[in-house]
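Reading the sequence shown from the start, the letters are residues 42 to 194 in the working numbering.
C-beta: ideal position from N, C-alpha, C; glycine also.
Notes follow the structure.
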Amino acid sequence: MSNIFYVLTPSLPSITPPNSYDHFRSQSVPLIIDNGSSNLHFGFSMSASPQSSPNVIAKYKERKFNQSLLLFGDTIDMENGAKSQGKTPWEGDVLLNFDAMEHALDYTFVRLGIDTEGIEHLVLMTERLCSPLHSRALTSKLMFEQYSVPSLC
């Protein structure tokens, strides 16, 4: 009798390249960001369907190569040690973690393929119902100063 068991090798996650920005580069197509507490949906208004990712970020120190990793969305599930480090931009019903929000927006613009210094599109961003004025002001400040958006609705 043979006691040999074959274990399947896990497949590595596939990395999808960012979308091409060429179609939207010279157009004034609005960019829509649905900043939900559990999922982040984003895309151009003329796109067939929005992209989506869990709205969670984790800063994790990888032990094998002794590197700090910044993981967002689905990639947190790939590192076992990072799962417990996950944070959302939201504290209850209020947007308070603006570092996580900035990383979520960076992820959004990279996934959309935007390769310009500033965002040249009108941005329509949703927020939770009855968001405090202070939270709205900090979000607006982040969008105008960090990403140079021409208009934010």
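Among residues of its own chain, excluding the 5 on either side of residue i, which ones have a beta-carbon nearer than 6 Å to its beta-carbon?
i, result
"G127", "V97, A99, I117"
Could you round the C-beta distance between residue i and residue j to whole angstroms and report it? I think they count as a contact, below 8 Å.
i, j, result
"M142", "V164", "Incorrect: roughly 13 Å between the Cβ atoms, too far for contact."
Give me whichever residues DSSP pairs with residue i in a beta bridge.
i, result
"A141", "None; A141 has no bridge partner."
"F85", "L72"
"V164", "L72, L193"
"A99", "L112"
Taking the alpha carbon of residue i as the point to measure from, which residue in the options has its own alpha carbon closest?
i, options, result
"S94", "L179, Y148, T157", "Y148"
"D156", "V48, S67, F46, S43", "S67"
"S187", "P71, P173, E161", "Checking the sequence, you will find Gln at residue 187 rather than Ser. Ranking P71, P173, E161 by Cα distance to Q187 puts E161 first."
"T167", "M87, T180, E103", "T180"
"N60", "V70, F150, L137, G154", "G154"
"A145", "Y62, F65, S79, C171", "S79"
"P71", "M87, A178, G77", "M87"
"P130", "G77, N107, R152, Y47", "G77"
Counting only the same chain and skipping the five closest in sequence on each side, list residues whose C-beta sits under 8 Å from that of residue i.
i, result
"P91", "I73, D75, H82, F83, G84"
Quick one: using the 10 Å Cβ neighbour count with 16 as the cut-off for buried, is residue i buried or exposed?
i, result
"V190", "buried"
"I45", "exposed"
"S176", "buried"
"L49", "exposed"
Using C-beta distances below 7 Å, list every residue in its chain close to residue i, excluding the 5 sequence neighbours before and after it, in chain order.
i, result
"Y101", "L110, L112, E120, G122, A123, Q126"
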